[in-house]
Amino acid sequence: MSLGKSKEFFVFGSITVLSVLLIGLLLMQIGTSNAADKCFGKSVDRVITGSHKKVTVGAREVVRVEGNGITVVGKAFTRICAGDGPQTIFAGKGWSFTDGGPGNDRIHPAKGDATVYGGPGDDQIETEKGNKLEVHGGPGDDKIRTGKGNLIKIDGDEGDDRISLNAKTTKGIVDGGLGNDRIEGSQANDKLYGGPKKNPKNLPDRDVINGLGGNDSIYDYSGNGNRLLGYTGSDKIYSLGNAVSELHGGNGSDFLYSNGGRTSGGVLEKLFGEQGNDRLLGNQPNSYGPAYFDGGEGDDWIYGTSKGDTMIYNSGIKTVYGYGGDDLFVTTARGQGKFHGGDGRDTISFAAHTPSGRSGSITGVEVNLRAGTSLGYSGYKFDGIEDVIGSAFDDEIIGAPGVDNDIEAGLGDDYIVGQNGDNIDGGLGQNDCSGGRQVNCNENSPGDPGSGNSQVDITKGGLLIVMGSRSADDISIGYNGGADRFEVTDPGGAIPSGLCKRNSSQKSEIDCPVDPNNLNGMLVYGDDGADSIKLGNSIPDILTTTINGGRGKNSIQGGPSKDFISTDPGSAGSTINGGDGLDVLYAQDDISITGGPDTDIFRVVDPCLGADLEGDGGTDSVVFAGAERGVKASLAGGYAEWNGSGCSGARTQIANDIEKLEGTESNDWLIVGKRSKAQDGKSVIFGRGGIDTLDAKNGTADTVTTGSGGHSNKVIADKIDNVIWGYGLAGH
6 MSLGKSKEFF VFGSITVLSV LLIGLLLMQI GTSNAADKCF GKSVDRVITG
56 SHKKVTVGAR EVVRVEGNGI TVVGKAFTRI CAGDGPQTIF AGKGWSFTDG
106 GPGNDRIHPA KGDATVYGGP GDDQIETEKG NKLEVHGGPG DDKIRTGKGN
156 LIKIDGDEGD DRISLNAKTT KGIVDGGLGN DRIEGSQAND KLYGGPKKNP
206 KNLPDRDVIN GLGGNDSIYD YSGNGNRLLG YTGSDKIYSL GNAVSELHGG
256 NGSDFLYSNG GRTSGGVLEK LFGEQGNDRL LGNQPNSYGP AYFDGGEGDD
306 WIYGTSKGDT MIYNSGIKTV YGYGGDDLFV TTARGQGKFH GGDGRDTISF
356 AAHTPSGRSG SITGVEVNLR AGTSLGYSGY KFDGIEDVIG SAFDDEIIGA
406 PGVDNDIEAG LGDDYIVGQN GDNIDGGLGQ NDCSGGRQVN CNENSPGDPG
456 SGNSQVDITK GGLLIVMGSR SADDISIGYN GGADRFEVTD PGGAIPSGLC
506 KRNSSQKSEI DCPVDPNNLN GMLVYGDDGA DSIKLGNSIP DILTTTINGG
556 RGKNSIQGGP SKDFISTDPG SAGSTINGGD GLDVLYAQDD ISITGGPDTD
606 IFRVVDPCLG ADLEGDGGTD SVVFAGAERG VKASLAGGYA EWNGSGCSGA
656 RTQIANDIEK LEGTESNDWL IVGKRSKAQD GKSVIFGRGG IDTLDAKNGT
706 ADTVTTGSGG HSNKVIADKI DNVIWGYGLA GH
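This note's numbering applies: residue 6 is where the sequence shown begins, and numbers increase by one.
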């Protein structure tokens, strides 16, 4: 080709000389050390060479470091760019610019705005307070910790990064990049990304993200075993793409988004709403597989995937949509529920039910598939559900004509009315069956294994059932992850059934095998007698348990699991300790309840039973929803009673380490009063229904949510209090 005097740009392949010049200029302007005479777009004043020495850089000086193991101490407004080798850089105050370059660097900008590039290598970057802080870790396993800032942007890039925002950050945006990252947000409203939307090379990408406080948005798109934790606030958590994650909403009304997923080892994506009125939305586009849903405490809406999901329902007012696939709904028959099975062959299981104790009611559940109703502790409505699993008590189950139902009555003496085409299994007990194809029914019923002993049972459904005897039991339950089994100990001699077997060397131990990907709950019922029930620390923390000590002076110890613990009336003198995890603890008599170190809910429907409630760490609530009339309760006063009439006997005692009160559907009087040093976080009162008096005036910042009465409620508050007229996020 001729170079001549052509006015056209020279072309090499498809790249023009102008393109090359523009790329070079761009690299100089973005601030990395690609151009030897530039550092973040400014001309280099001097080049520091040598090794293992300390150099001070003047104010506004622009330097390049071309040595090894050099410590650079900058003054105000410095620009420092380093080459190969590990360096330690202390950038000065003001708006500083630092590029560590390749190597395992330590970079510490002083107070002020800062832009930091770690470059390739395992870098440690720690900033001070600044209005705007921007940090790029670069490839490698980086540790990044920021000071307080109004706007903080962090890009971890590839590698196993550890990123922490200062708790007082106003706004944080973090992208961990590909790799096994751990990210902690601030107390503000952060946006936290585990990595990019695409992972074409299928690089390892297993993230743990904790939003901490604020209303956070958390995203992950790839990798197995991600843990996405909202913690407090009203969070939005997304596990999309081909990610298979655990999503934990934490405390607050949260929105959890998922397109499902199952690993090659059978582990399902799991969504836990936990405390608050949550939305669990598994119906996102591009379904990647089934999922496991547990709304936890609160009034939740749950939307399944197009595959066969497992949905756990323990309490609250819930609406559940199975959508496609063969779904399994596991319930306690508590709360007010609506179930929509959708396409596929769906099953509702009442295996976690315990007796309501109502006069004239059966101990089990009444299920009418024809009418689409059930009645246990409370009533449910459902449609599109073909199959039913009964409780461990005495059930009444009616099939639906024109539909081939599978009915498994389970333990107890059951009454079953089937239709043509139904498959009926009466289970243990003395069962009365009609219609359909029958096993374990009528004269072929197995009968009662013996009320003098406790009973331990598990099926392929993955829900452990431990039924105490009518005398004092001593029951301990653990989980052996190495052997994939529950281990139940009862020195009184429990009887195994289902898949459970007596341990050949430990005669008091019964082993119950369970698929670790199918841990669908646990029911323990003490029945009569002064029972001791203890869950070991080996119980998985994702498991939801239902424990009822029954009548008698019981001692119940929860585990790290999500425990719903109660006793029956006639259990005065009992003690309950929720242990670790978010627990829901019911005061059914004059008993003592300790929540444990995490956030717990105390449910009280009669404030005049004389129960004693103690939080013992975490942000704890006393909830009176379901009480037959309004209550008066005071956090500072430490009591609860009927509003207007008090108690003829002992009031409920509320310890000074409990932070929240939630009222009834009637007219309540809820009082915060003087704060205690034992309380964690802000005090919160929520009126719920009725026309309430809500008193938060105490000189500290509290939150008041009125509920349905809106401005008709009487609110006594400080100017610094957050008053929500209506339901706010509590209505979601």
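Glycine is no exception: its CB is placed at the ideal position from the N, C-alpha and C atoms.
Item, Value
"Using the three-state DSSP reduction, which class does Asn-522 fall into: helix, strand or coil?", "helix"
"Does DSSP put Glu-189 in a helix, a strand or coil?", "strand"
"What's the gap between the Cα of Val-408 and the Cα of Gly-434?", "26 Å"
"Can you give the beta carbon distance from Gly-432 to Gly-404, rounded, assuming they're within the 8 Å contact cut?", "No, Gly-432 and Gly-404 are not in contact; Cβ-Cβ is about 16 Å, not under 8 Å."
"Does DSSP classify Leu-433 as helix, strand or coil?", "coil"
"Mapping the DSSP letters down to three states, classify Asn-445 as helix, strand or coil.", "coil"
"Do you know how far the Cα of His-113 is from the Cα of Ile-596?", "55 Å"
"Can you give me the C-alpha to C-alpha distance between Asp-585 and Gly-303, rounded to a whole angstrom?", "19 Å"
"Can you tell which of Leu-524, Lys-637, Arg-693 has the C-alpha that lies nearest to the C-alpha of Met-316?", "Leu-524"
"To the nearest angstrom, how far is it from the Cα of Val-16 to the Cα of Leu-170?", "Since pLDDT at Val-16 reaches only 34, below the 50 mark, its modelled position is unreliable, and no value is offered."
"May I ask you to report which of helix, strand or coil DSSP gives Leu-699?", "strand"
"Give me the DSSP bridge partner(s) of Cys-652.", "Paired residue(s): none; Cys-652 is not in a bridge."
"Residue range of the beta strand (DSSP E) that Ser-626 falls in?", "626-628"
"Would DSSP call Gly-733 helix, strand or coil?", "helix"
"Does the ligand ATP have a heavy atom nearer than 7 Å to the CB of Gln-443?", "The ligand content of the structure shown is nil, which means the ligand ATP is not present either."
"Are the CB atoms of Gly-287 and Gly-257 nearer to each other than 8 Å?", "no"
"Can you list, in chain order, the residues of its chain with a C-beta nearer than 6 Å to that of Gly-29? Leave out the 5 residues immediately preceding and following it.", "Only weak support exists for where Gly-29 lies, its pLDDT of 39 falling under 50; the coordinates are left without a value."
"Among Asp-348, Ala-296, Val-393, which residue has its Cα nearest to the Cα of Thr-336?", "Val-393"
"Considering only their Cβ atoms, is the gap separating Val-610 from Ala-616 smaller than 8 Å?", "no"
"What residue from Ile-547, Gly-557, Pro-521 has the CA that sits closest to Asp-536's CA?", "Gly-557"
"Please determine if the stretch 117-126 and the stretch 86-105 are in contact, where contact requires at least 3 C-beta pairs separated by less than 8 Å.", "yes"
"Roughly how many whole angstroms lie between the Cα atoms of Glu-711 and Ser-269?", "Note that residue 711 is Thr in the sequence shown, not Glu. Cα to Cα, Thr-711 sits roughly 48 Å from Ser-269."
"Helix or strand or just coil, what does DSSP make of Pro-716?", "For clarity, residue 716 is His in the given sequence; the question names Pro instead. Reduced to three states, the DSSP call for His-716 is helix."
"Quickly, what does DSSP pair Ser-450 with across the bridge? List them, please.", "DSSP lists no partner for Ser-450."
"What are the boundary residues of the beta strand (DSSP E) that includes Asn-155?", "154-160"
"DSSP has Tyr-297 in a bridge; who is on the other side?", "Lys-275, Thr-315"
"Can the beta-carbon of Gly-668 be found closer than 8 Å to that of Phe-629?", "yes"
"Over what stretch of residues does the beta strand (DSSP E) that includes Ala-638 continue unbroken?", "636-639"
"How would you call Gly-515, buried or exposed, if buried means at least 16 neighbouring beta carbons within 10 angstroms?", "Just to set this straight, residue 515 is Ile in the shown sequence, not Gly. Buried: at least 16 other Cβ atoms inside 10 Å."
"What are the boundary residues of the beta strand (DSSP E) that includes Lys-386?", "384-388"
"If contacts are defined as beta-carbon pairs under 8 Å, then Leu-548 and Ser-566 qualify, I think. What distance do you get, rounded to the angstrom?", "4 Å"
"Nearest to Gly-731 by CA position, among Ile-725, Gly-230, Ser-713, is which residue?", "Ser-713"
"When you compare only the Cα positions, how much space is there between Ser-509 and Ile-402?", "38 Å"
"Between which residues of its own chain and Ala-248 is the CB-CB distance below 7 Å, once the five residues before and five after are set aside?", "Asp-225, Tyr-226, Ser-227, Gly-228, Asn-231, Gly-266"
"If you drop the 5 nearest sequence neighbours on each side, which residues of the same chain put their C-beta closer than 6 Å to that of Lys-539?", "Ser-481, Gln-562"
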